[in-house]
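Residue 161 in full-length UniProt numbering sits at position 161 of the sequence shown; the count goes up by one each step and never skips.
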Amino acid sequence: MALVRKTPQLAYIKSYEYIRDKILNGELPRGTKLVEERIAEELGVSRTPVREAIRKLEQEGLIFQKKVVNPTETDLRNIFQVRILLEGFAARYSAMYMSGEALDELRNCIVTARTGTTEEIMEANEKFHNIIVQTSNNPFMIDIIDRMQSIIYLFRKTVVYHKRPFLIDEHEQIYEAIRDHNGDEAERLMKEHLQADLDFCLHLLNQNRK
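Next comes the structure, spelled out in structure tokens:
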């Protein structure tokens with residue numbers, strides 16, 4: 001296949017989005033080995049932007065040693081430990097800083113999640129957590145969570161598609177604590193919510209091993 005003329009940055013972005021999306025939608029299953037030459041040929045780019053894209057996805061946790069990540073129980077616990085600490089903090093400070101407009105958006109996420117399609121629930125779930133993180137007023141923490149978004153997406157997909165019980169009820173409780181400016185309660189509820197996500201993912205992981 002003839003190489004398409006692209007600027008290096010455009011070729012890198014295209015490569016990154018192509019690989020990331022195939023991982024997130026399941027076209028590249030966990031454990032799949034990535035072959036730079038094959039991907040470059042599929043995209044009509046050189047190997048350099050593909051290599052850079054793989055490096056970035058390794059930093060984001062989607063790829064390990066050029067294979068699509070297949071998280072172990074230890075990996076799950078480590079990733080969720082970071083989320084529990086940071087998003088618990090975010091919920092506490094959102095209870096102090098969140099505007100009325102953002103609070104309305106948070107409420108709308110819950111309404112959508114109770115009535116929407118699976119894809120709409122996925123989007124509402126993501127938006128719910130992102131609103132809380134973004135309104136924490138801590139740019140360093142926001143940056144760390146942003147860099148984890150791809151791997152978080154995989155776990156979010158697990159809890160939504162497998163219909164974890166009480167997921168939206170827990171969101172509503174967190175919303176109410178933030179609305180009432182109860183930072184202690186918001187933090188506690190967020191930590192319990194993410195711990196429940198972790199326990200659910202671990203249960204599924206252990207079931208798949210049997």
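Don't be surprised by glycine CBs; every beta carbon is placed ideally from N, CA and C.
- The criterion of a C-beta distance shorter than 7 Å is satisfied by residue 135 and residue 97.
- The beta carbon of residue 179 sits closer than 7 Å to the beta carbons of 103 from its chain, once the five residues preceding and following it are set aside; these are given in chain order.
- It is roughly 20 Å from the alpha-carbon of residue 151 to the alpha-carbon of residue 12.
- Under the DSSP assignment, residue 169 falls in the alpha helix (DSSP H) whose first and last residues are 167-179.
- As summarised for the region 120-169, the continuous alpha helix (DSSP H) elements at least 4 residues long and confined to that stretch are 139-147 and 149-161, given in chain order.
- Scanning its chain for C-beta atoms nearer than 6 Å, with the 5 sequence neighbours on each side dropped, one finds around residue 191 the residues 84 and 88, in chain order.
- Counting only residues of its own chain and dropping the five nearest sequence neighbours on each side, residue 67 has a CB closer than 8 Å to the CB of 31, 32, 33 and 34.
- When DSSP states are grouped into helix, strand and coil, residue 66 belongs to the coil group.
- Excluding sequence positions up to five before and after residue 107, its CB lies within less than 7 Å of the CB of 175, all in the same chain and listed in chain order.
- Where residue 101 is concerned, the enclosing alpha helix (DSSP H) starts and stops at 100-115.
- If you check the CB distance, residue 198 and residue 80 come in under 7 Å.
- For residue 33, no alpha helix (DSSP H) run applies, since DSSP gives it neither H nor E.
- Of the other Cβ atoms in all chains shown, fewer than 16 fall within 10 Å of the Cβ of residue 10; this residue is therefore exposed.
- In this structure, DSSP gives residue 45 a state outside helix and strand, which the three-state scheme calls coil.
- Here residue 183 carries a helix assignment [DSSP, helix/strand/coil].
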